[in-house]
Amino acid sequence: MNKRGILDMTTGPFFKKILIFSIPLMLTGVLQLIYNAADVMVVGRFAGSESLAAVGSTSSLVNLIINLFVGLSTGAGVVTSRHIGANATERINKSVHTAMAIGIISGFAVGVFGFFLSGKFLSLMGTPKNILPLATLYLKIYFLGAPGSLVYNFGASIVRSTGDTKRPLIILGFTGIINVVLNIILVVGFHFDVAGVAIATIVAQYISAILIVIRLKNIDNACRLNFKKIRIYKTELKEIIKIGLPAGFQSSLFSFSNVLIQSTINSFGSVAMAGNTAAQNADAIIYTCTNAVAQTAMTFTSQNMGAKKYVNIRKIYFMCMGFVLVISVCFGAVGLLFPEQIIGIFTTEAEVIEMGKHRLFIMMTTYFICSIMDVSGCQIRGMGKSIEPMIITLLGACGIRVLWLYTGFPLKKELWNLYLSYPISWLITFIALFICFFVFEKRIKKHSAS
Numbered sequence: 000m001n002k003r004g005i006l007d008m009t010t011g012p013f014f015k016k017i018l019i020f021s022i023p024l025m026l027t028g029v030l031q032l033i034y035n036a037a038d039v040m041v042v043g044r045f046a047g048s049e050s051l052a053a054v055g056s057t058s059s060l061v062n063l064i065i066n067l068f069v070g071l072s073t074g075a076g077v078v079t080s081r082h083i084g085a086n087a088t089e090r091i092n093k094s095v096h097t098a099m100a101i102g103i104i105s106g107f108a109v110g111v112f113g114f115f116l117s118g119k120f121l122s123l124m125g126t127p128k129n130i131l132p133l134a135t136l137y138l139k140i141y142f143l144g145a146p147g148s149l150v151y152n153f154g155a156s157i158v159r160s161t162g163d164t165k166r167p168l169i170i171l172g173f174t175g176i177i178n179v180v181l182n183i184i185l186v187v188g189f190h191f192d193v194a195g196v197a198i199a200t201i202v203a204q205y206i207s208a209i210l211i212v213i214r215l216k217n218i219d220n221a222c223r224l225n226f227k228k229i230r231i232y233k234t235e236l237k238e239i240i241k242i243g244l245p246a247g248f249q250s251s252l253f254s255f256s257n258v259l260i261q262s263t264i265n266s267f268g269s270v271a272m273a274g275n276t277a278a279q280n281a282d283a284i285i286y287t288c289t290n291a292v293a294q295t296a297m298t299f300t301s302q303n304m305g306a307k308k309y310v311n312i313r314k315i316y317f318m319c320m321g322f323v324l325v326i327s328v329c330f331g332a333v334g335l336l337f338p339e340q341i342i343g344i345f346t347t348e349a350e351v352i353e354m355g356k357h358r359l360f361i362m363m364t365t366y367f368i369c370s371i372m373d374v375s376g377c378q379i380r381g382m383g384k385s386i387e388p389m390i391i392t393l394l395g396a397c398g399i400r401v402l403w404l405y406t407g408f409p410l411k412k413e414l415w416n417l418y419l420s421y422p423i424s425w426l427i428t429f430i431a432l433f434i435c436f437f438v439f440e441k442r443i444k445k446h447s448a449s
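Per numbering that gives the first Met the number 0, the sequence shown starts with residue 0, numbered consecutively.
Quick look at the structure:
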């Protein structure tokens, strides 16, 4: 960290700095997952498999709607990081206040949209009638927390762009404990069922938003927040949209394909849905850890682009690729060795555990492909290219996945065959992104030399 509290990501050695940045970010994500898993565990053990299926059936729909705006927060972080690398104080300040304005506006828009259309969307997904009322109730309450969630995401993205990944970790650690305690009180004590976990979640989200805003108010550099300056600055808005909107659209496309897969899983019944929900929490841990490294690659690359130190880009990319391979292989081995114990954390029902093992086996053996794909996409976004990875993801990860639903899956209508759509789409997308990285790197070097 320099005197302004900003981590210099433009000078080596990079490995130590990548660890300093990514490990707190990783722990933040894991903590968030643990608290989300606590929601699933509490509702699964104390409210039953139907409630577990109801909560699990909403995740892909939530991601479909929320991820578009979370992508904008990623764009805000990239833009701010680039201005930090260029030491452009005024541009940094405008980026911060534009980002927070977007967070506030989009939070309220998503909240209203999600609240009134939750039931309709769940019905379109083919959610079984026996869990539709529970799923709708959970989702309506959840979307009331959208303003808090998005303000936190935009604020945390700004804080991380300075190299500070510890404070978001501390904030989520604190609010996560609140979430767990409220889960137990509302579900076990007051028998609020799915409403209890939803209320606990939104309370934690609003507290997180308040704490990240307090951090930005007290930060001792150009990222300091001033409520009077919160407005949309056109130049910064264009830059954030240029990077963030394609990234958000890409995430939403991923979520759309997952909505289609979730709809197919729904056709297997509530037991299959519950098993999928339980197993999903296991592969989500791998994603969270490796995505932290992918975000690190993007942030480091953004600062180096701003500082015009293009020679560092390839070093950062391959260090992060190696890091995620180690993480995904190690976690995958644990998942393969202890599948029943892992799924058993969330449910005691033998049928649900057996269903969950189908997903767990496919994911644990192939998730390393998703990890290197994720790093590649973030690396390219850090280089200032966001449209290209979005298109590749649309045609690769999403298009191939949807194609599999109508070609490969009908040949053998079983869950394991449905889950094969994930690694097949990851591999094709990674190959395309890997090639693109070298094409863009060559263009950048050629442009800098001219």
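Here a beta-carbon is modelled for each residue, glycine too, at the ideal position from N, C-alpha and C. Quantities reported herein were computed from a predicted structural model and do not represent experimental measurements.
Ile427, buried or exposed, once every other Cβ within 10 Å from all chains shown has been counted against 16: buried
Cα-Cα separation, Ser117 to Arg230: Take the alpha-carbon of Ser117 and the one of Arg230: they are about 30 angstroms apart.
Integer-rounded CB distance, given that Ser420 should sit under 8 angstroms from Phe367: The Cβ separation is near 17 angstroms, so there is no contact.
Cβ shell of Asp282 (< 8 angstroms), same chain only, five flanking positions each side left out: Gly334, Arg358, Leu359, Met362, Met363 and Tyr366
Range covered by the alpha helix (DSSP H) that runs through Glu353: Ala349 to Gly381
Cβ pair Ser262, Leu63 closer than 8 angstroms: no
Euclidean distance between Cα positions of Ile208 and Glu413: The question names Ile, but residue 208 in the sequence shown is Ala. So the two alpha carbons sit approximately 42 angstroms from each other.
Nearest-angstrom Cα separation, counted from Met8 out to Lys308: 10 angstroms
Distance between beta carbons of Ala194 and Leu136, contact taken as under 8 angstroms: 6 angstroms
Pro388, buried or exposed, once every other Cβ within 10 Å from all chains shown has been counted against 16: buried
Three-state class that DSSP yields for Cys222 in the structure shown: coil
Three-state secondary structure assigned by DSSP to His82: helix
Candidates Ala271, Ile371 and Met382: closest to Ile342 by CA position: Ala271
Burial state of Phe345, where buried means 16 or more other Cβ atoms lie within 10 Å: buried
8 angstroms contact criterion, which Thr347 and Val39 should meet: CB distance rounded: With 8 angstroms as the limit, Thr347 and Val39 do not qualify as a contact, their Cβ atoms being about 13 angstroms apart.
Validate contact between the stretch 94–110 and the stretch 176–184 using beta carbons, cut 8 angstroms, 3 pairs: no
C-alpha gap between Thr265 and Thr126, whole angstroms: According to the sequence as given, residue 265 is Asn; it is not Thr. Cα to Cα, Asn265 sits roughly 6 angstroms from Thr126.
N- and C-terminal bounds of the alpha helix (DSSP H) containing Thr288: According to the sequence shown, residue 288 is Cys rather than Thr. DSSP places Cys288 inside the alpha helix (DSSP H), whose first and last residues are Ser269 to Gly305.
For Asn129, three-class secondary structure by DSSP: coil
Neighbourhood of Ala155 by C-beta distance below 6 angstroms, restricted to the same chain and skipping five residues each side: Pro167 and Ile211
C-alpha distance - Leu32 paired with Thr57, whole-angstrom precision: For Leu32 and Thr57, the gap between their C-alpha atoms comes out near 16 angstroms.
Cβ pair Gly106, Leu143 closer than 8 angstroms: no
CB contact flag (Val158, Arg223, <8 angstroms): no
The ligand SAM heavy atom lying under 7 angstroms from the CB of Leu30: Of ligands this structure carries none, so the ligand SAM is not represented either.
Inter-stretch contact at 8 angstroms, needing at least 3 Cβ pairs: the stretch 239–258 / the stretch 66–74: yes
Beta-carbon contacts of Met320 that lie in its chain and below 6 angstroms, excluding the five residues immediately before and after: Ile371 and Val374, listed in sequence order.
N-terminal and C-terminal residue of the alpha helix (DSSP H) that Leu394 is part of: Looking at the DSSP string, Leu394 is not in any alpha helix (DSSP H), and its letter there is neither H nor E.
Leu138 to Val310 span [Cα, whole Å]: 47 angstroms
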